[in-house]
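Quick note, the sequences are listed as chains A and B, same order. Just so you know, my numbering puts 87 at position 74 of the first sequence, and the rest follows in order with no gaps. Just so you know, my numbering puts 56 at position 54 of the second sequence, and the rest follows in order with no gaps.
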Amino acid sequence: AQSVTQLDSQVPVFEEAPVELRCNYSSSVSVYLFWYVQYPNQGLQLLLKYLSGSTLVKGINGFEAEFNKSQTSFHLRKPSVHISDTAEYFCAVSDIQGAQKLVFGQGTRLTINP
Amino acid sequence: GAGVSQSPSNKVTEKGKDVELRCDPISGHTALYWYRQSLGQGLEFLIYFQGNSAPDKSGLPSDRFSAERTGGSVSTLTIQRTQQEDSAVYLCASLRTSGGYNEQFFGPGTRLTVL
């Protein structure tokens, strides 16, 4: 079985400041890793994914994440946030084979203050 | 529109009634998933379809929940004798296989409120 822990339920940040949203996972098999964003009253949108290869992955809207196998982490970062980044962010894992169903963390609500 | 669509967007029902939620996946996507998003449980997997068959139903919370998929396309999630704890946003996703990786595309969800 897999599990995902997002260490912060809420993160308030000032506009143009850097941000890091933390994610740790547990799995006995190799996994794919994802970050999704959910804007208010909208569905889930993929920000970025790690499948294999370079451990630093870049996504949309200036976000990036680094896969650390030894620490089983996949933290999300952005060097300078904007008001429009206010949303809920979900870290997720899936098996590489089989159903590839997503197992999600509990989410981190990112609030950008002017 | 080429995205995943779901209907209705909102559904209010009375406890004990049956409801049907519909998902139209992206054309050509062979895999389809249902998830549920609720305040207490977060985002949780319900069921997975490959074509018309459902090899993984492990997330369905009780036998009041069922789902089917026809023609390898549209899927319907049915909840019988709804309970207040069924109130949640039900999300559908379809899977694209491209360039050796898989990415799930999500619909906007159906918000179900059971009174």
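Just so it is clear, CB atoms sit at the ideal spot from N, CA and C, and this is done for glycine as well.
Separation of residue j from residue i, as counted between CA atoms
i                 : j                 : result
Leu62 of chain B  : Pro127 of chain A : 43 Å
Leu123 of chain A : Asn54 of chain B  : 38 Å
Phe67 of chain B  : Glu87 of chain B  : 13 Å
Arg38 of chain B  : Phe47 of chain B  : 7 Å
Gln19 of chain A  : Glu79 of chain A  : 15 Å
Thr32 of chain B  : Phe51 of chain B  : 8 Å
Ser29 of chain B  : Gly109 of chain B : 13 Å
Thr15 of chain B  : Leu114 of chain B : 8 Å
Pro14 of chain A  : Gly118 of chain A : Residue 14 of chain A is actually Ala in this sequence, not Pro. Between Ala14 of chain A and Gly118 of chain A, the C-alpha separation is close to 14 Å.
Trp13 of chain B  : Leu93 of chain B  : For the sequence presented, residue 13 of chain B should be read as Lys rather than Trp. Lys13 of chain B and Leu93 of chain B: Cα-Cα distance of roughly 13 Å.
Ile73 of chain A  : His95 of chain A  : 13 Å
Leu34 of chain A  : Trp48 of chain A  : 10 Å
Gly66 of chain A  : Gly42 of chain B  : 36 Å
Ser83 of chain A  : Ala69 of chain B  : 39 Å
Ser40 of chain B  : Ser89 of chain B  : 7 Å
Gly18 of chain B  : Leu59 of chain A  : 36 Å
The beta strand (DSSP E) enclosing residue i, as first and last residue numbers
i                 : result
Ile28 of chain B  : Neither: Ile28 of chain B is in no beta strand (DSSP E) and is coded neither H nor E.
Ser11 of chain B  : From DSSP, Ser11 of chain B is part of no beta strand (DSSP E); its letter is neither H nor E.
Leu34 of chain A  : 32-34
Ala33 of chain B  : 33-40
Glu28 of chain A  : Careful: Glu28 of chain A lies outside any beta strand (DSSP E) and carries neither H nor E.
Val17 of chain A  : 16-19
Gly44 of chain B  : 44-52
Gln58 of chain A  : 57-63
Ala100 of chain A : 100-108
Integer Cβ distance of residue i from residue j, believed to fall under 8 Å
i                : j                 : result
Tyr35 of chain B : Gln106 of chain B : 6 Å
Residue i beta carbon near the ligand HEM (any heavy atom closer than 8 Å)
i                : result
Arg24 of chain B : Of ligands this structure carries none, so the ligand HEM is not represented either.
- Relative to chain B, which residues along the segment 91-113 of chain A have a C-beta separation below 7 Å, given in chain order? Phe103, Ala112, Gln113
- Message: Could you check whether the segment 39-58 of chain A touches the segment 102-118 of chain A, counting it as contact only if at least three pairs of C-beta atoms, one from each stretch, sit closer than 8 Å?
- Response: yes
- May I ask you to list, following chain order, the residues of the segment 55-77 of chain A that have a beta carbon less than 9 Å from some beta carbon of chain B? Gln55, Gly56, Leu57, Gln58, Leu59, Lys62, Leu64, Ser65
- For the segment 82-93 of chain B, which residues have a CB atom closer than 7 Å to at least one CB atom of chain A, in sequence order? Leu93
- Item | Cβ-based contacts, 8 Å cut-off: residues of the segment 7-32 of chain B near chain A | none
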